[in-house]
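Numbering (this note's numbering), first residue to last: 34 to 443.
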Amino acid sequence: MAGVVSDKIAEKSVEQGAGKAKRGKRELLSQGVRAIKPSGIRKFFDIAAAMPEVISLGVGEPDFVTPEHISQAGIASIQQGMTHYTSNYGTLELREAIADLIQRHYGVAYAPKNEVLVSVGVSEAIDASLRSLIDPGDEVIVPDPGYVAYEADVTLAGGVVVPVPTRVEDQFELKAEAIAAALTPRTKVILLGNPNNPTGAVIAADELAKIGKLAQEHDLLVISDEVYSRLVYGQEHASIVAQPGMRERTILVDGFSKAYAMTGWRIGYVCAPAHILEAVLKVHQYAIMCAPTMSQAAALEALLHGEDDVQRMVAEYDGRRKLIVEGLNAIGLTCYEPHGAFYAFPSIARVGLSSDEFAQQLLDEEKVAVVSGSAFGEAGEGFVRCAYCVARDKIEEAIERMGRFVQKHS
Numbered sequence: 034m035a036g037v038v039s040d041k042i043a044e045k046s047v048e049q050g051a052g053k054a055k056r057g058k059r060e061l062l063s064q065g066v067r068a069i070k071p072s073g074i075r076k077f078f079d080i081a082a083a084m085p086e087v088i089s090l091g092v093g094e095p096d097f098v099t100p101e102h103i104s105q106a107g108i109a110s111i112q113q114g115m116t117h118y119t120s121n122y123g124t125l126e127l128r129e130a131i132a133d134l135i136q137r138h139y140g141v142a143y144a145p146k147n148e149v150l151v152s153v154g155v156s157e158a159i160d161a162s163l164r165s166l167i168d169p170g171d172e173v174i175v176p177d178p179g180y181v182a183y184e185a186d187v188t189l190a191g192g193v194v195v196p197v198p199t200r201v202e203d204q205f206e207l208k209a210e211a212i213a214a215a216l217t218p219r220t221k222v223i224l225l226g227n228p229n230n231p232t233g234a235v236i237a238a239d240e241l242a243k244i245g246k247l248a249q250e251h252d253l254l255v256i257s258d259e260v261y262s263r264l265v266y267g268q269e270h271a272s273i274v275a276q277p278g279m280r281e282r283t284i285l286v287d288g289f290s291k292a293y294a295m296t297g298w299r300i301g302y303v304c305a306p307a308h309i310l311e312a313v314l315k316v317h318q319y320a321i322m323c324a325p326t327m328s329q330a331a332a333l334e335a336l337l338h339g340e341d342d343v344q345r346m347v348a349e350y351d352g353r354r355k356l357i358v359e360g361l362n363a364i365g366l367t368c369y370e371p372h373g374a375f376y377a378f379p380s381i382a383r384v385g386l387s388s389d390e391f392a393q394q395l396l397d398e399e400k401v402a403v404v405s406g407s408a409f410g411e412a413g414e415g416f417v418r419c420a421y422c423v424a425r426d427k428i429e430e431a432i433e434r435m436g437r438f439v440q441k442h443s
């Protein structure tokens with residue numbers, strides 16, 4: 034009897050094993066994560082970091098250190114025992130300073146108590162905003178080329194990315210007409226990067242007015258990523274929140290990383306009408322709790338006493354901008370003049386290589402790291418991103434090396 038039972042158990046195990054084989058191996062990773070491509074920025078950064086004598090124009094991070102008085106404010110907060118949680122919204126003092134900044138720059142008022150949220154950088158702000166708005170299948174308009182995280186954040190929120198191509202003939206400015214052509218009944222959100230990463234494009238006020246009108250006509254929401262708002266050259270930065278009727282349907286995100294050289298502090302903010310911000314807060318409080326307390330203290334010091342630092346760094350970036358654009362054009366890589374952020378986006382058509390091939394071979398042969406334009410979307414093919422947030426002598430040396438590369442491959 035025991036032998037019969039053993040045989041039946043063995044037969045059942047075989048049957049179960051066959052059933053599992055038919056069903057296939059269980060996929061442990063989420064479909065959303067599997068759909069996301071690795072960051073094209075980090076790829077070249079990691080390679081360049083392991084190579085000696087590389088000049089990196091790849092990563093968009095200021096080479097300035099955080100101004101001393103801002104760092105000291107963060108240090109002092111730790112020494113004074115400010116190492117506990119703050120409100121999920123952030124400290125009231127910082128929110129008041131943020132609201133004051135927005136009022137002064139754009140003439141738009143936000144209530145510090147329930148319309149301003151301190152986030153862990155703009156990256157978290159965008160992610161939390163999208164997750165608070167998007168239901169599965171909702172479509173999100175994103176600029177192409179656009180920051181690499183946009184597509185990933187939309188996908189992780191369950192949304193559908195709808196890239197809207199921009200053109201070098203328009204200096205990559207996102208046009209309302211192109212957005213209108215991409216709208217469907219499933220469109221819910223327009224995600225703007227203004228100024229744009231990787232192109233340095235700035236959306237003019239009259240174009241923002243058209244985009245705002247489009248959003249109102251089709252009952253759309255706008256998430257406006259303005260982390261480079263202080264890094265604008267030769268013109269004033271315009272925000273879509275200042276357009277008539279757009280405060281009510283816009284989530285404005287900005288931060289301290291770029292303008293104040295505070296990338297490692299991971300501090301940003303979200304401004305939105307109270308009923309929308311309450312939804313963003315739900316995502317933020319369960320994922321993050323609150324932004325780092327010492328970073329909030331440093332950010333408050335930046336807003337209260339850091340304007341001279343911003344102006345000093347912007348003036349230096351402007352000089353580097355002119356240097357790299359002139360240099361790229363001189364070696365045959367046609368480059369329009371970017372008016373925002375700290376990126377040049379030259380055409381590599383003269384060389385006859387794809388963007389990926391150009392970036393890889395330039396790194397291998399001349400030890401200069403740039404980022405393939407295709408990492409930022411299909412419309413970025415044929416271009417590369419060159420970050421000019423490095424010292425002028427490094428820019429000059431990088432241009433010399435790139436000139437040799439272009440001459441060799443043209």
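Note that beta-carbon positions come from the ideal geometry of N, C-alpha and C, so glycine has one too.
Taking the alpha-carbon positions, what's the residue i to residue j distance?
i, j, result
"Leu207", "Ile111", "43 Å"
"Asn362", "Val404", "18 Å"
"Ser63", "Thr188", "11 Å"
"Ala248", "Val195", "15 Å"
"Val92", "Ala420", "7 Å"
"Ile103", "Cys368", "36 Å"
"Gly288", "Ala209", "26 Å"
"Arg137", "Asp351", "23 Å"
"Lys427", "Arg437", "16 Å"
"Ile211", "Ala312", "One detail in the question is off: residue 211 reads as Ala in this sequence, not Ile. For Ala211 and Ala312, the distance between alpha carbons rounds to 30 Å."
"Gly107", "Trp298", "9 Å"
"Ser443", "Asp389", "16 Å"
"Ile18", "Lys315", "Absent from the model: residue 18. The displayed extent of the chain is 34 to 443, so no value can be given."
"Asp168", "Ala431", "45 Å"
Give the DSSP-derived three-state secondary structure of residue i in the structure shown.
i, result
"Thr99", "coil"
"Ser407", "helix"
"Ala161", "helix"
"Ile223", "strand"
"Arg128", "helix"
"Val149", "strand"
"Ala348", "helix"
"Tyr319", "helix"
"Lys41", "Any reading at Lys41 needs caution, since the residue's pLDDT is 49, under 50, leaving its predicted position unreliable; the model's value is listed next. Three-state DSSP puts Lys41 in a helix."
"Asp177", "strand"
"Val235", "coil"
"Arg200", "coil"
"Glu172", "strand"
"Gly245", "helix"
"Val194", "strand"
"Leu285", "strand"
"Arg418", "strand"
How about residue i: is its Cβ closer than 7 Å to a heavy atom in the ligand ADP?
i, result
"Ala82", "Ligands are entirely absent from the displayed structure, and the ligand ADP is therefore not among its contents."
Looking at residue i: is its Cβ nearer than 8 Å to the Cβ of residue j?
i, j, result
"Ile159", "Ala185", "no"
"Glu86", "Lys400", "yes"
"Phe375", "Phe416", "no"
"Thr199", "Leu253", "no"
The alpha helix (DSSP H) spanning residue i covers which residue range?
i, result
"Val87", "Neither: Val87 is in no alpha helix (DSSP H) and is coded neither H nor E."
Would you please verify whether the beta carbon of residue i is less than 8 Å from any beta carbon of chain C?
i, result
"His102", "In summary, chain C is missing from the structure at hand, where a single protein chain is found."
Note the first and the last residue of the continuous beta strand (DSSP E) segment covering residue i.
i, result
"Ile256", "254-258"
"Arg59", "Careful: Arg59 lies outside any beta strand (DSSP E) and carries neither H nor E."
Checklist entry - Is there contact here, the segment 274-282 with the segment 134-144, by at least three beta-carbon pairs under 8 Å? => result yes
Next on the checklist: Pairs of beta-carbons, one from the segment 343-357 and one from the segment 196-213, closer than 8 Å: are there three or more?
Outcome noted: no
Next on the checklist: Tell me whether the segment 283-302 and the segment 86-104 touch, counting them as touching only if at least three CB pairs, one residue from each stretch, are closer than 8 Å.
Outcome noted: Yes: the two stretches touch, three or more of their Cβ pairs being nearer than 8 Å.
Checklist entry - Are the segment 312-321 and the segment 149-164 in contact at 8 Å, needing three or more beta carbon pairs? => result yes
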